[in-house]
Amino acid sequence: MSNLQDIRNAGVMVNLAGKNYVLKYDLNALAELEKHYGTMEKVQEALSKGTIVGTRLVLWAGLVHAADKTFDPVTGEPISYSITPYQVGSWIAPKDLNALGDKIGLALKQAMPEESTETANLSEAEKLATEKHPDEEVVSFPQPMNP
């Protein structure tokens, strides 16, 4: 990701148990999901299966940005949050899962950098190689002369 601004987002408003919350997936939320599932591919897999456990965990991860946290004094990483996936699950009626899934999808989409149509079919290495770096001087090499 060349620009951290690309992954910042305002979030999506959700109403859970009569209260409004902002559902937001920053790098910390994605790291929490990766800690649980192991890889982002497995997170995507869990979301595509549409399991209740997966939905509840992904929803929780999108809410932890606003939760009170207890931090490890050595690593600075959160070791506990003031909300749990179980608590978040108690705020959701099963009949609301479809609408909530749409909002989770929108919030996740907001969090991801947009891909240009120019680079959509390139590999990650090719994308990095073609990125424009405004702070770097571009060196032009002289063209060989034809004999």
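Under the numbering used here, the first residue of the sequence shown carries the number 3, and numbering increases by one thereafter.
Idealized CB from N, CA, C, for every residue including glycine.
These figures come from a predicted structure and were not determined experimentally.
Mark residue i as exposed unless 16 or more other C-beta atoms lie within 10 angstroms of its C-beta, in which case mark it buried.
| i | result |
| --- | --- |
| GLY40 | exposed |
| GLY13 | buried |
| GLY56 | buried |
| TYR88 | exposed |
| SER101 | According to the sequence as given, residue 101 is Ala; it is not Ser. The residue in question, ALA101, is exposed, as its Cβ has fewer than 16 Cβ neighbours within 10 Å. |
| ALA109 | buried |
| LEU111 | Going by the sequence as given, residue 111 is Lys instead of Leu. Exposed, because fewer than 16 other Cβ atoms sit within 10 Å of the Cβ of LYS111. |
| LYS26 | buried |
| VAL76 | exposed |
So, for residue i: in the same chain, excluding its five sequence neighbours on each side, which residues have a beta-carbon less than 8 Å away from its beta-carbon?
| i | result |
| --- | --- |
| TYR23 | MET15, VAL16, ASN17, LEU65, ALA68 |
| ASP74 | PRO80, ILE81 |
| GLY52 | GLY103 |
| MET42 | LEU32, LEU35, GLU36 |
Per DSSP, what kind of secondary structure is residue i in: helix, strand or coil?
| i | result |
| --- | --- |
| VAL141 | Because VAL141 sits at a pLDDT of 45, beneath the cut-off of 50, its placement in the model cannot be relied upon, and the following sentence gives the value as read from the coordinates. VAL141 falls in the coil class under three-state DSSP. |
| THR53 | coil |
| ILE85 | coil |
| TRP93 | coil |
| VAL60 | helix |
| GLY40 | coil |
| VAL76 | coil |
Sort out for me which residues DSSP pairs residue i with in a bridge.
| i | result |
| --- | --- |
| VAL24 | MET15 |
| PRO115 | Beta-bridge pairing links PRO115 to no other residue. |
| LYS71 | TYR83 |
In its own chain, which residues sit with a C-beta less than 6 Å from the C-beta of residue i, not counting the 5 before and 5 after it?
| i | result |
| --- | --- |
| ALA63 | ALA31, GLU34, LEU35 |
| ALA19 | TRP93 |
Checking 7 Å against the spacing of the C-beta atoms, do residue i and residue j come in under that value?
| i | j | result |
| --- | --- | --- |
| TYR83 | LYS97 | no |
| ILE94 | VAL60 | no |
| ARG58 | GLY103 | no |
Taking 7 Å as the limit between beta carbons, can you name the residues of its chain near residue i, skipping five residues before and five after?
| i | result |
| --- | --- |
| LYS21 | none |
Within the 7 Å Cβ cut-off, does residue i reach chain D?
| i | result |
| --- | --- |
| ASP74 | Among the protein chains of the structure shown there is no chain D, as only one such chain exists. |
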